[in-house]
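First the structure, in the form of structure tokens, and then the observations on it.
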Amino acid sequence: MKNIHKIFLSIGLILGLGSCADLEEKPIGVFAPETFFQTPRDVETAILGAYGVIASENLFGRQFICALQFRGDMISIGNRATSAERIQLNDFNMDSNNGMIRRFWPQWFQAINAANSAEAGGMSLGLPENEINYLIAEARFVRAFAYYHLVRVFGDLPYINFAVTDPTSLKSISKTSEADIYSAIIADLEFAKQWLPNKQKNDVRTRPSAGTAASYLASVHLTLGDFPKAYAEAKYVIDNKDLFGYALEPDFENNFNATIADNLKETIFAFDFLGQISSSNGQNDDSLVPMLAVLNLTGGYGVSVPTKAVYDTWDARDYRKKVSFIDTLVVNGVKRPYTDFSTPRPHVGKWVKLPGNANAIGRYSDHNIADFRYAEVLMIAAEASAEINGPNAEAAGYLNQIRARARNWAGTQVDFPADVMPTMNKQEFINLIIEDRRLEFAFEWKRWYDIKRRNLGSQVFLGPNSLEPQPTFDPARDYLMPLPDSELQINPNLAPNNPGY
Amino acid sequence: MQKLLIPKRKGFLWVFILMLLLSSESILAQSKTVSGTVTSDTGETMPGVSILLKGTTVGTTTDLDGKYSINANAGDVLVFSFIGMETKEISITSSNTYDVVLATDISQLDEVVVVGYGTTKKSDLTGSVSSVKAAELTAFPVANATQALQGRAAGVSVTSNNGDPGGALKVRIRGGNSINASSDPLYVVDGFIGGSLPAPEDIQSIEVLKDASATAIYGSRGANGVIMVTTKRGKTGKAKVDFNTSYSSQEVINRIDLLNADQFLDYTREVIPNYVDNGADTDWQDQIFRTGGIQNYQVSVSGGSDAVNYYVSGSYFDQKGIIKNSSFDRYAITSNLNVKVSDKISLGVNLLARRTGRDGVVTQEGSGGAGGAGVVGSALRFMPDLPVRNEDGTFTLASIGDPIDNPFAVATEREQETIGDLLQSNFYLNFDITKNLTFKSTLGFRVDNNRTGTFIPTTLYAGANVGGDATISSSKNTDLISENYFTYNLELNPKHKFNFLAGYSFQKSDDTNYSAGAQSFITNSVSYWNLQGGAVQKIPSSNFAETQIQSVFGRVNYSFNDKYLFTVNARYDGSSNFSKNNKYAFFPSGAIAWNMKDEGFMKDVNFISDFKWRASYGLTGNQAIGPYQTLARFSNSYTIIDGVAVNAVRPTTVANDDLTWETTRQFDIGADMSFFNSRVNVTLDYYRSVTSDLLFSVPLPSYTGYSSQLQNLGKVENKGVEFTLNTINTTGELKWNTSFNISNNKNKVLELPDGNDIFYGSGPGHLIGLGQTQVLRVGEPVGSFFGWIYDGVYQEGDDFIPGGGFEQVAGGEKFRDISTNAGDNVPNGTLNAADRTVIGNGQPKFIWGLNNDFNFKGFDLNIFFQASQGNTILSYSLLEIETLSGSNNSTTVALDRWTPENTDTNVPKRSLQRSQRVSTRWLFDGSYVRLKNISLGYTLPSSVLQKLSISKARFYVSAQNILTFTDYRGYDPEVNYNSGGGAASNRNLGLDYASYPNAKSYTVGLNLSF
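Each protein sequence line maps, in turn, to chains F and X. Under the numbering used here, the letters of the first sequence match residues 1 to 501, in that order. Under the numbering used here, the letters of the second sequence match residues 1 to 1010, in that order.
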């Protein structure tokens, strides 16, 4: 081939009609992975790419967190005329082509690939541990974070912990077992806990610190039912809360106020959305607020709306109920009760009331959407402690910190909810903790995971006191979502899909 | 024509020469002077006609006015000849004046056909080439000359992807050879590779090069066929002025029967009982459609002397679309100048300057979610019980479902304007080094500027939330081409003729684009011309890309006795777009032809005028992937840290160092036949082409972090038969000509990596639950629809087949259970994704065109039918509104929905739970036969015109698309959704979603020549 090339070009030259053109490509604005990584700063730039993927419409901007909300028993579909994919996911009637999983599944793996590429780039620099490991730790944290969500939603799934350069070779891999994935998550988080700084630059909570890694370790162990380890990690975070800069916000509502989102001591890990900036690929697009907002009076989508029972069963003396709901709107100076809402139920108040700089329906808000708050560390410590030792004063003390904070009604002290005493039996005490978690984290994406890890599905969807009765709930099927059908089509070795799909 | 110059009796010649040598005026003094005017059968005077005294070399030519005079004696015979006209002989009698009318030569074999880097006589052609003449291109007004090719040439399929004014067309020559790369043909305009087409009125002819013998000279760009465009030239003679104008009135071709307000309320309250009647009864189709129109003007001045020929033309085309607020206009100037500097050197320049403007409305939206519905999509979905405006004057929004704007608001409020400026110039120099050796050099330059501005005001949903949204973007494409080649004719003796071509070509193309946008404006009045007034600035972008191609090429033609013809072509191409390991490629082809009629045994077969066999085989390429696609890359991104956007990168594309061009191997065998004195002409071709190393964006499992990787893999086959028939049915007073062409193309995937199916989705974004809608499967055509088989509606007491997400109630959709468990052949009793199968495809089985021209005493009648048969349409539009699960309006099909009282139906009941699924329920036969054009014209007799010093005047009335025979229930079967660009254009055929409907037109027009 080379010779033919020469012969023909010679003919061209003999004709004297032109010189040999240089056909090399010199692209502008495109970075080649093999030459990109020169300094730790480049590794950091690559890690930041992963956050951009997560802080987007398909994950923490809307699709993923809304899917988790639908799955739980706190939020159901308000506007039933919304797309079928949401209704089916909410009603436990989804299939493997469901549009919501088709959106968030690939996005998670883009984040993982970004983190893996950053890790590989960091390793390639050949720097001493103390100069590079804090960045490798951050990349591994992001990977662990992504897989921790994925494994809870899907169970067994493909596990990739290296930068992909030859994707074709991965077309026939099998699923990795849930247990192995959890081990890998724990290893990544342990490494992160060891090497990450105690505080990130400017104390931002949108990048992980050693405290973030320890908090997630506590959560992972709790999910796995390893209560001693869960307790140990939670206790470690609580003991070092000043080192990490963690504290409960004095006012519960602060956690959902976009205008002060960058300064919250309670946030352990969050994704930062900046007001009114849009990108073509859904990056920085948070549509959580419009999903929750009232359709007819505010122009929101009115899709994710709590069931009436959630509102009715919640003690009105609880300040958190006031923060968590919108049951009246003032429109053009006229007070409109929730019975005037197009879905005549109280709607979610968290995030919706204070979106900061955002468009008219609260999209492109200024929220930092938190996945982990310090309150949850206290809850984990309480639950794990109670599981190990039964009801005890220490565990009650953790709960009471949260209850005490709830008694600060926007600056006014009230006497509800009262402190709890460890005087009940173990199961009652655990139930109380789970119930406190349900209210404290209402409409955050914790409840479904609690239902799943505690096997509460049949009780909360089929039981007599169900807040959101879902007669089609099938415990043999519905604790896992199906892997997207498209993945099984390309790689039949992923078959069979999760049971029941 | 050569024979005219060789007297038959050699002895006479010598005597004659001797006489000439010795002659003086007095020798010929006895003869008289005869004179006259030569005109063509179309009434135009003909300069340059050769007139010869029969049996002598004495002759003359007509002057610029077509006049001649020559000395001759009574009894002499004058022979009038001109290329392309029948030769005529006149005997001199007593008269001194002989006006002669020359008839057009109907024998096509002496036609000159344009091929790559040259021309050839049709009789010498070895490849498969179809020609389309100027009259066919201008039979009715079109925005783009390509549109006029529809139905005109066998094997050439032209369909509009969308009916909007100035919208894109899909042109396929012998099917789609590719899956991921473009299958668009290569356009060569007066030798400019990749040139833009001038206005249809400025085109002399279009040749479509179809087989490898004809296209291999264009190497890595020839695989999809080549469309050679030749623009008009000035003819030697006095200045000629042509003026053409027409006006068309247009209406939407069809309407869809939607539910009215009462029907809609009934339909909606069945599942949303508390739905509040909004009180109106709006026909949204009335609100968006209007009577559109086209006005078209063109004036040209042409002429020339022996040394200089010129053709200058200006044209204006203005189309007002049938949807409010949509329009297209085009201003173009074409100027061709040819200068003969000396006997050896000639040069010239072709110029095209063009401005196009397009006011668009949103149709065929990629996603019609909140605020995203386009005009037609919204017209089909929007609630008929809502008025256009609320009481406070604002536009209504959808009352249920996604908040979409009403169709009237989408059409009239949103601004979307594209302005394109094109300048194309092509300079050539021709140097006849010796009699047989010619050097030609061309230098072409083309710059294409486009600017698009969009503004979404606060009166629309998408603009209201952001305080108005404005974007302006600009792109500029510059193309530079230099080609230099030698041609050499070698005639060893009259039996052995050779023609050689060798050349070098270099082409460079730069693309730049940039865009900026802002939101949150004080007022809607600034449109997109005050971005700085936006309180929120969007992230601007700018991009640059460059492509270079350099090539050497050559061709040898050998003709033995004019009976056996051989052609060998080759091109060696290098392209910067390809990966570092594969920059260069070689594309050879060969062909033979046999003029069988010239054989002795055919001499006496009188009813056959000509009979030629052709066969060719060769390799051509397709390099249509974008620059830099072979490189791995990190792309710019950002992330928000501490309330500030900071730079980030992330991997977006994975490398392929071995990526190369696609190669198409094509075999063609054909015959060109003429019967009954060339009154019946038949061309027949069979071809088979196999494209290998398909450039393919192979879907990757998403868990790799990538969605796809560009690879070379797999094979696609296209094979078919083409038949063209041109007949002259009657001559004389009533002239009747017919041309008919029909072609079939069978497309099939031959090979895929590891034989695995490749699935992909093409549905509108907001119907994401559709998931994968199509499959590439070995043995099936590209773009096969993939879905469930719809078995009608479940009735009470049926056995419901279980399956997550599938209905198990009476009145629900029933799908066929076809998947089996491993080891048996019995359906496994559950419905899931495995029960999908190939259910159809959008490839037509055959396409045809039938044209009849009648001429009678100045009247002309043209009837042109065009058809596509055997293609299937998958309608996402009907799927969306007739699944009966959405909160949209629906068609009147919904009136027949299942209810406990109406069970004898295959339309399911109203249900909000039902998934939208691709199934046989949404497939429709897309076959159609269309009366594309019917026109009646009258040409005023020349006796009337001469007084007005007009040489020709013709008036006509015509109608386009007024009859379409089809079973399709959508607006129009000629439609392709999600079918623009490279990959989509091949893989998505026969999809329909919210398309801009085609129009039917009534036209009046005038052609004048001075």
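Think of the CB as a built atom: it goes at the ideal place given N, C-alpha and C, for glycine as much as any other residue. In this text, all values refer to a predicted model and were calculated from it rather than measured experimentally.
Cβ-heavy atom distance, residue i to the ligand SAM, below 7 Å
i, result
"LEU684 (chain X)", "Only the bare structure without any ligand can be found here, which leaves the ligand SAM out of the picture."
Own chain partners of residue i with C-beta closer than 7 Å, once the 5 adjacent residues on each side are dropped
i, result
"ASN493 (chain F)", "SER172, ILE173, SER174"
"ILE173 (chain X)", "GLY155, VAL156, PRO185, VAL208, LYS210, ASN224, GLY225"
"LYS426 (chain F)", "ALA386, GLY390, PRO391"
"THR93 (chain X)", "ALA74"
"THR883 (chain X)", "ARG914, GLN916"
CA nearest to the CA of residue i, picked from the options
i, options, result
"ARG527 (chain F)", "F:ALA247, F:GLU253, F:ASN130, F:HIS149", "This structure cannot speak to residue 527 (chain F), because chain F is shown only from 1 to 501."
"ILE410 (chain X)", "X:GLY222, X:ALA373, X:ASN493", "The question names Ile, but residue 410 (chain X) in the sequence shown is Val. That would be X:ALA373, whose Cα lies nearest to the Cα of VAL410 (chain X)."
"VAL53 (chain F)", "F:GLN110, F:TRP195, F:GLU24, F:TRP409", "F:GLN110"
"PRO399 (chain F)", "F:ASP436, F:PRO482, F:ALA384", "The sequence shown places Leu at residue 399 (chain F), not Pro. The option with the nearest alpha carbon to LEU399 (chain F) is F:ASP436."
"TYR187 (chain X)", "X:ASN180, X:GLY222, X:ASP202, X:ASP211", "X:GLY222"
"GLY206 (chain X)", "X:LEU137, X:ALA261, X:GLY175, X:GLY219", "Note on residue identity: the sequence assigns Ile, not Gly, to residue 206 (chain X). Cα-wise, what sits closest to ILE206 (chain X) is X:LEU137."
"PHE815 (chain X)", "X:ILE801, X:ASP824, X:ASN821", "X:ILE801"
"PRO471 (chain F)", "F:VAL237, F:PHE443, F:PHE92", "F:PHE92"
"LYS344 (chain X)", "X:ASN254, X:LYS746, X:LYS435, X:ASN852", "X:LYS435"
"VAL517 (chain F)", "F:LEU439, F:MET291, F:ALA114", "Look at the range of chain F in this structure, 1 to 501, and you will see that residue 517 (chain F) is not part of it."
Contacts around residue i, its chain only, beta-carbon distance under 6 Å, and the 5 residues preceding and following it disregarded
i, result
"GLU417 (chain X)", "ASP359, GLY453"
"GLY48 (chain X)", "THR61, THR236"
"TYR236 (chain F)", "ALA214"
"LEU750 (chain X)", "LYS715, GLU717"
"ARG921 (chain X)", "TYR790"
Which residues DSSP lists as bridging residue i, in chain order
i, result
"MET85 (chain X)", "X:THR104"
"LYS32 (chain X)", "X:ALA72"
"GLY858 (chain X)", "Paired residue(s): none; GLY858 (chain X) is not in a bridge."
"GLU251 (chain X)", "X:LYS1000"
"THR470 (chain X)", "One point to set straight first is that residue 470 (chain X) is Ala, not Thr, in the sequence displayed. Answer by DSSP bridge pairing, in chain order: X:PHE455, X:ALA518."
"GLU428 (chain F)", "Paired residues: none, contrary to the question."
"GLN512 (chain F)", "With chain F represented from 1 up to 501, any question about residue 512 (chain F) goes unanswered, as that position is not in the structure."
"LYS240 (chain X)", "X:SER302"
8 Å Cβ shell around residue i - same chain, five flanking residues per side excluded
i, result
"THR291 (chain X)", "SER249, GLN250, GLU251, ILE322"
"ASP180 (chain F)", "TYR159"
"LEU28 (chain X)", "With a pLDDT of only 43 at LEU28 (chain X), under the threshold of 50, the placement of this residue in the model should not be trusted; the figure read from the coordinates follows. Result list for LEU28 (chain X): ASN71, in chain order."
Validate contact between the segment 761-776 of chain X and the segment 83-91 of chain F using beta carbons, cut 8 Å, 3 pairs: yes
Check whether the segment 152-163 of chain X and the segment 994-1002 of chain X touch, using three or more Cβ-Cβ pairs below 8 Å as the test. As far as the Cβ criterion goes, the segment 152-163 of chain X touches the segment 994-1002 of chain X, which means the pair count is three or higher.
Note down, one range per segment and in chain order, each alpha helix (DSSP H) of at least 4 residues found wholly within the segment 869-954 of chain X. 876-882, 942-947
Below 8 Å, can you find three or more Cβ-Cβ pairs linking the segment 374-394 of chain X to the segment 421-437 of chain X? Contact between the segment 374-394 of chain X and the segment 421-437 of chain X is absent: fewer than 3 CB-CB pairs across the two stretches fall below 8 Å.
Can you give, in chain order, each stretch of the alpha helix (DSSP H) that sits fully within the segment 87-134 of chain F and has at least 4 residues? 99-124
Within the segment 129-199 of chain X, ranges of the beta strand (DSSP E) (whole runs, at least 3 residues): 129-133, 156-160, 169-173, 186-189
Between the segment 386-403 of chain F and the segment 474-484 of chain F, do three or more beta carbon pairs fall short of 8 Å? The segment 474-484 of chain F and the segment 386-403 of chain F do not touch, with fewer than three beta-carbon pairs separated by less than 8 Å.
Just list the alpha helix (DSSP H) runs in the segment 279-359 of chain X, keeping only unbroken ones of 4 residues or longer that don't cross its boundaries, in chain order. 284-288
Length-filtered (3 minimum) beta strand (DSSP E) runs lying within the segment 749-826 of chain X: 758-760, 774-776, 784-787, 790-793, 813-815
Kindly confirm or deny that the segment 885-902 of chain X and the segment 984-996 of chain X touch, where touching means at least three C-beta pairs closer than 8 Å. Flag = no, the segment 885-902 of chain X and the segment 984-996 of chain X do not touch.
Taking contact to mean 3 or more Cβ pairs, one atom from each stretch, closer than 8 Å, check whether the segment 325-338 of chain F and the segment 61-68 of chain F are in contact. no
Mind listing, in chain order, the continuous alpha helix (DSSP H) runs of no fewer than 4 residues lying wholly within the segment 134-216 of chain F? 178-195
contact_flag[the segment 683-690 of chain X, the segment 632-639 of chain X] where n(CB pairs < 8 Å) is 3 or more: no
Could I get the ranges of all uninterrupted beta strand (DSSP E) runs contained in the segment 622-693 of chain X, with 3 residues as the minimum, in chain order? 633-641, 644-653, 662-675, 680-692
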